[in-house]
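Student:
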Amino acid sequence: MKVMGILGSPREGGNSDILLDQALAGAKEAGAEVEKIILSRKKISGCLDCEKCNETGVCVIEDDMPEIFQKILDAEAIIHSVPVYFWSMTAQMKAYLDRWCAFFDAQWKWHKAYYPRMKGKKIGLITVCGDPDVSTADPIVHSFKTTCQFTKLVWLGVVQASAGAKGEIGKNEAIKKKAYELGRKGVNT
Ligand SMILES: Cc1cc2nc3c(=O)[nH]c(=O)nc-3n(C[C@H](O)[C@H](O)[C@H](O)COP(=O)(O)O)c2cc1C
Numbered sequence: 095m096k097v098m099g100i101l102g103s104p105r106e107g108g109n110s111d112i113l114l115d116q117a118l119a120g121a122k123e124a125g126a127e128v129e130k131i132i133l134s135r136k137k138i139s140g141c142l143d144c145e146k147c148n149e150t151g152v153c154v155i156e157d158d159m160p161e162i163f164q165k166i167l168d169a170e171a172i173i174h175s176v177p178v179y180f181w182s183m184t185a186q187m188k189a190y191l192d193r194w195c196a197f198f199d200a201q202w203k204w205h206k207a208y209y210p211r212m213k214g215k216k217i218g219l220i221t222v223c224g225d226p227d228v229s230t231a232d233p234i235v236h237s238f239k240t241t242c243q244f245t246k247l248v249w250l251g252v253v254q255a256s257a258g259a260k261g262e263i264g265k266n267e268a269i270k271k272k273a274y275e276l277g278r279k280g281v282n283t
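Per my numbering, the sequence shown starts with residue 95, numbered consecutively.
1) State whether the stretch 153–168 contacts the stretch 233–243, with contact taken as three or more CB pairs (one from each stretch) at a distance under 8 Å.
2) For the alpha helix (DSSP H) containing residue 273, name the first residue and the last one.
3) By DSSP, does residue 174 sit in helix, in strand, or in coil?
4) Quick one: what's got a C-beta closer than 6 Å to residue 190's C-beta in the same chain, skipping five residues either side?
5) Take residue 233 as the anchor and find which of 184, 247, 210, 280 has the nearest alpha-carbon.
6) For residue 254, list the residues DSSP reports as bridge partners.
7) Which residues count as close to ligand 1 when the rule is a CB under 5 Å from any of its heavy atoms, in chain order?
8) Per DSSP, what kind of secondary structure is residue 159 in: helix, strand or coil?
9) Kindly identify the DSSP beta-bridge partner or partners of residue 101.
10) Counting along the chain, where does the alpha helix (DSSP H) carrying residue 142 start and finish?
11) For residue 103, would you say it is in contact with chain D, using Cβ-to-Cβ distances shorter than 7 Å as the test?
12) DSSP on residue 249, reduced to helix/strand/coil?
13) How many Å lie between residue 270 and residue 261 at the Cα?
14) So what's residue 194 in DSSP terms, helix, strand or just coil?
15) Between which two residues does the alpha helix (DSSP H) harbouring residue 123 extend?
16) Check the DSSP bridge columns for residue 182 and list the partner residues they point to.
17) Taking the C-alpha atoms as reference points, what is the distance between residue 101 and residue 256?
18) If you draw a straight line from the C-alpha of residue 268 to the C-alpha of residue 281, how long is it?
19) So the alpha helix (DSSP H) residue 210 belongs to, where does it begin and stop?
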């Protein structure tokens, strides 16, 4: 099985990247083939709400999203990792998430062509915020969890961490273990 990691931080080697690597290591140890996509290396524009994909299931924007759509379809589990920017997710992660629009018809039902490959897909989340109170990231959790519930995907859960300086989270063995376990859960659920 395939587990994909989606990094929403532009800071490679930063806190959410470290935790995502932990999750992917857990998934790999549990037998998965893993791949990480660093969104900031990709060209991903915002959804235009042109409604063309409602009919076709294909987004009209010509950027790097088509290759990511394929990887989403191929993966059994997707683990997203993102820091809090201004009490919300990063622009990179939001642009990516909004483009999921292409999977749905005008009634927000899965396009028939995608449903068999999306049904049962498992979604996990890792958040990092500078605030010592990890609930600062709750709006991001709400966004991903509700999307999951609304589209009947399988919610693997969330690991919420606090760290400020680049790589600081590397010292936090307890949270790294939680991220590792989230990755394992992506395979074993
Ligand atoms: C533009 C920007 C906005 C931020 N806004 C918040 C915020 O609203 N709340 C918070 O707790 N931390 C905020 N932070 C801090 C980051 O969430 C924190 O440094 C985090 O560890 C970064 O993760 P990374 O290393 O994975 O990029 C912000 C950082 C940046 C660069």
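Glycine included, each C-beta is placed from N, C-alpha and C at the ideal position.
Tutor: Per the coordinate set shown:
1) no
2) The residue labelled residue 273 in the question sits at position 179 within the sequence shown. Unbroken alpha helix (DSSP H) run through residue 273: 267–282.
3) As a first step, residue 174 must be located in the sequence shown, where it is residue number 80. Note: residue 174 maps to strand in three-state DSSP.
4) Counting from one through the sequence shown, the residue named residue 190 turns up at place 96. If we look at residue 190 and ignore the five residues flanking it on each side, its Cβ neighbours are 133, 138.
5) Sequence index remark: in the sequence shown, residue 233 carries index 139 (1-based). Residue 233 has its Cα closest to that of 184, out of 184, 247, 210, 280.
6) The residue you call residue 254 lines up with position 160 of the sequence shown. Residue 254 is bridged to 221.
7) 103, 105, 108, 109, 110, 177, 178, 179, 180, 181, 222, 223, 224, 225, 230, 257, 258
8) As a first step, residue 159 must be located in the sequence shown, where it is residue number 65. Residue 159 falls in the helix class under three-state DSSP.
9) Walking along the sequence shown from the start, residue 101 turns up at place 7. DSSP lists 132, 175 as partners of residue 101.
10) Here residue 142 refers to the residue found at position 48 of the sequence shown. Unbroken run through residue 142: none, as it is neither H nor E.
11) The question asks about chain D, but that chain is absent: this structure has only one protein chain.
12) Counting from 1 along the sequence shown, the entry for residue 249 is found at position 155. Residue 249 falls in the strand class under three-state DSSP.
13) Residue 270 sits at position 176 when you count from the first residue of the sequence shown. Residue 261 sits at position 167 when you count from the first residue of the sequence shown. If I take the Cα positions, the gap works out to 12 Å.
14) Position 100 of the sequence shown, counted from the start, is the residue given in the question as residue 194. Helix at residue 194.
15) What you label residue 123 is simply residue 29 of the sequence shown in a count that begins at 1. It spans 109–123 - the alpha helix (DSSP H) in which residue 123 sits, taken as one unbroken run.
16) Here residue 182 is taken as the residue at index 88 of the sequence shown, counted from 1. Looking at the DSSP assignment, residue 182 forms a beta bridge with 179.
17) The sequence position of residue 101 within the sequence shown is 7, counting from 1. The sequence position of residue 256 within the sequence shown is 162, counting from 1. So the two alpha carbons sit approximately 17 Å from each other.
18) Working through the sequence shown from its first residue, we reach residue 268 at position 174. Working through the sequence shown from its first residue, we reach residue 281 at position 187. When rounded, the distance between both Cα atoms is 21 Å.
19) In the sequence shown, the residue the question calls residue 210 occupies position 116. From DSSP, the alpha helix (DSSP H) with residue 210 extends over 209–212.
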